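A.B. asks: Sharing a structure with you now.
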Ligand code: ADP
Ligand code: MG
């Protein structure tokens, strides 16, 4: 009884308004949450919840673990603080109306006992009974509410413990989370590093694969190098063996060499001695050669008879088989009267040598090769071909191109170059200068000229300071071999044939002079020599009838006649040792002055045409030649310095 007002008071403090609707609304909720059908319980439960709220923050709810609902389902479903207050307030009846508020439930139970009966005002005893039963009811309710309160208290304690635990766990978890966050941060750094490292790794992998490729190449290289090294080692061994063998051979050879050197030294001495002897011998040979030439005569005449054009023998020319120095020209003169017998007139001529029609170019040259040798020894040598046109002068001097038919000029040149080469071994050095000139109508023409015809220079014969004959503006060509000389001969023939076309048969009416100036020096012995080899193809010696020679031809004839006869005069004067030798009377003798003087050897070929109709010209030629042959030119001396 004493506790009822307390509860009533509390409820008055807690409530601000009463609402029957709220009471009605609350009833279904109570049904849902409680099995106990007692109507008082919801009020008590609501009150406790309203005053003692679980401290769990709604924001933290998701983190906390769900806990077991113990008796009070409203705790688990607890709304926010504000909402809860309102709900508590709405469940409580307004102040001063507690009785009325509790009445419905309580009354129902009481009225259940005195159903339908209303106590009379006077029935006080009945009213007390009712009141007592009501009180009992309330006491039971209070008991159960207290019990429930106790339960709730223990649950609250448990929950608080649980909350504390949970808070601790939350704190722990928070710290763990921060740790994890730190770790995560650290890990993100690590991740970046990892990315970096992985990119580095991929580049390193690339490098690695590159290096592997290189390594493989190097391995192959190494293998091949090893193979090479092996083979080279083997080779080296072989070479070392060879070397040691060769070293021993070398030492042996060195000994031999020393001996040989000794021998060479003594041989060198001998050689020097022999060279001296050789040189002395060479000089002696020259002297003897010259002596022979002098004995043969410094002017010699060879007669050469050309073969008949149609073959056979000429009756008027007699060449004794036993003697190769005589030629007889026989002429049968018919009796004018017819009464006397025909008389035969023989003209005998002696020459240094007579060559018949069968004589080869080689045979002819062999006879004059000694003279050519004299040219190298330092004597001037002059060789003429005299005779009428068609008698074989050009054939003798130049010959034909094929080997057997080569004439005096190419053969002489060959001999000179060969001999010069041999003398080279004895210390002689030679230089050769060639020139080729034509004398036509007392005019000089350069046969080695290669310029324009319109610019052809004029030439004069002059004497140099050394009293040497030179021709102005003439081509003097240095030659070192036979082929060059043959080239010059061809060039000369070209030049001649050009003039030939302009003037019919000109070559036969001009002299052509080939000159080879030879200069030799033996530096070691301080000996020098200088000479000229002159090879002359003279103009045709035929005399034309005066009636046939008019104008130009007369001039030509006169020029030829005068130069040829002057040649005879000069040779005769030289032979007679006349004080005055008329060299300057013709261009030919003036040009050949050096070669014809006392210091020269002269050879004249007299070429004979075998035809009978050439008899007169043949006789003339032979007469001229024998006149020359009779001359004795003063003793020649070599042009030595
Ligand atoms: P030239 O120069 O005196 O006028 P060539 O030398 O031109 O005379 O000779 C005239 C012709 O006779 C040429 O065809 C030449 O080949 C020929 N001949 C001259 N001499 C001989 C010889 N000894 N043997 C053969 N043929 C010759
Ligand atoms: Mg000729």
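Residue numbers (this note's numbering): 1 to 641.
The C-beta atom is built at its ideal place from N, Cα and C for all residues, glycine as well.
Because the structure is a prediction, the values reported are computed rather than measured.
(1) Expressed to the nearest angstrom, what Euclidean distance is found between the alpha-carbon atoms of residue 373 and residue 255?
(2) Any idea which residues DSSP pairs residue 428 with across the strands?
(3) Tell me whether residue 410 counts as near ligand 1, meaning its Cβ is closer than 7 Å to at least one heavy atom of that ligand.
(4) My assumption, with CB atoms under 8 Å, is that residue 628 sits in contact with residue 303. Please give the rounded CB distance.
(5) My output table needs one value for residue 531: the three-state DSSP class, helix, strand or coil.
(6) With distances taken from each beta carbon to the nearest heavy atom of ligand 2, which residues come in below 6 Å, in chain order?
(7) Tell me whether residue 384 sits in a helix, a strand or coil according to DSSP, three-state version.
(8) Please return the same chain residues whose Cβ sits closer than 7 Å to the Cβ of residue 334, not counting the five positions on each side in sequence.
(9) Mind checking which residues open and close the alpha helix (DSSP H) that includes residue 475?
(10) Does DSSP put residue 324 in a helix, a strand or coil?
(11) With respect to 7 Å, is the separation between the Cβ of residue 607 and the closest non-hydrogen atom of ligand 1 below this value?
(12) Assuming residue 388 and residue 614 form a contact by the criterion Cβ under 8 Å, report the distance between their Cβ atoms to the nearest whole angstrom.
(13) Is residue 579 helix, strand or coil by DSSP?
(14) By the 10 Å Cβ neighbour count, where 16 or more other Cβ atoms means buried, how is residue 396 classified, buried or exposed?
(15) Pick out whichever of 347, 197, 514, 211 has its Cα sitting closest to the Cα of residue 616.
(16) My assumption, with CB atoms under 8 Å, is that residue 324 sits in contact with residue 353. Please give the rounded CB distance.
(17) Determine, using beta carbons only, whether residue 537 and residue 394 come nearer to each other than 8 Å.
(18) When you compare only the Cα positions, how much space is there between residue 383 and residue 626?
(19) Could you say if the segment 355–362 and the segment 472–487 meet the contact criterion of at least three C-beta pairs nearer than 8 Å?
(20) Taking only three categories from DSSP, how would you classify residue 193?
(21) Leaving out five residues on either side along the sequence, give the residues of the same chain with a beta carbon under 8 Å from the beta carbon of residue 570.
(22) Can you tell me which of 490, 451, 429 puts its alpha carbon nearest to the alpha carbon of residue 526?
(23) Roughly how many angstroms lie between the CA atoms of residue 470 and residue 591, to the nearest whole one?
(24) May I ask you to check if the CB of residue 456 is nearer than 7 Å to at least one heavy atom of ligand 1?
(25) Have a look at residue 199 and residue 209 and give me their C-alpha separation to the nearest angstrom.
(26) In whole angstroms, what is the alpha-carbon distance linking residue 602 and residue 517?
(27) Applying the 10 Å Cβ sphere with the 16-neighbour rule, what's the burial state of residue 534?
(28) Which stretch, first to last residue, makes up the alpha helix (DSSP H) that contains residue 305?
(29) On the three-state DSSP scale, how would you describe residue 436?
(30) Quick check on the burial criterion: 16 or more other C-beta atoms within 10 angstroms. Buried or exposed for residue 69?
(31) Measuring only the C-alpha atoms, how far is residue 197 from residue 171?
(32) So, for residue 409: in the same chain, excluding its five sequence neighbours on each side, which residues have a beta-carbon less than 7 Å away from its beta-carbon?
(33) Quick one: give me the first and last residue of the beta strand (DSSP E) that residue 395 is part of.
(34) Which residue's Cα is closest to the Cα of residue 609: 532, 364, 391, 126?
(35) How far does the beta strand (DSSP E) with residue 603 in it extend, from its first residue to its last?
(36) In the DSSP output, which residue or residues are listed as bridge partners for residue 330?
C.D. replies: Short version:
(1) 47 Å
(2) 522
(3) no
(4) Wrong, their Cβ atoms sit about 11 Å apart, outside the cutoff.
(5) strand
(6) 393, 394, 507, 508, 537
(7) strand
(8) 342
(9) Premise fails: residue 475 is in no alpha helix (DSSP H) and is neither H nor E.
(10) coil
(11) yes
(12) 6 Å
(13) coil
(14) buried
(15) 347
(16) 6 Å
(17) yes
(18) 16 Å
(19) no
(20) helix
(21) 581, 582, 583, 585, 589, 596
(22) 429
(23) 8 Å
(24) no
(25) 15 Å
(26) 16 Å
(27) buried
(28) Not the alpha helix (DSSP H): residue 305 falls in the beta strand (DSSP E), residues 299–305.
(29) strand
(30) At residue 69, the pLDDT of 43 sits below 50, so the modelled position is not reliable and the matter cannot be decided from this model.
(31) 37 Å
(32) 397, 398, 489, 514, 535
(33) Unbroken run through residue 395 is the alpha helix (DSSP H), 393–397; no beta strand (DSSP E).
(34) 391
(35) 600–608
(36) 346
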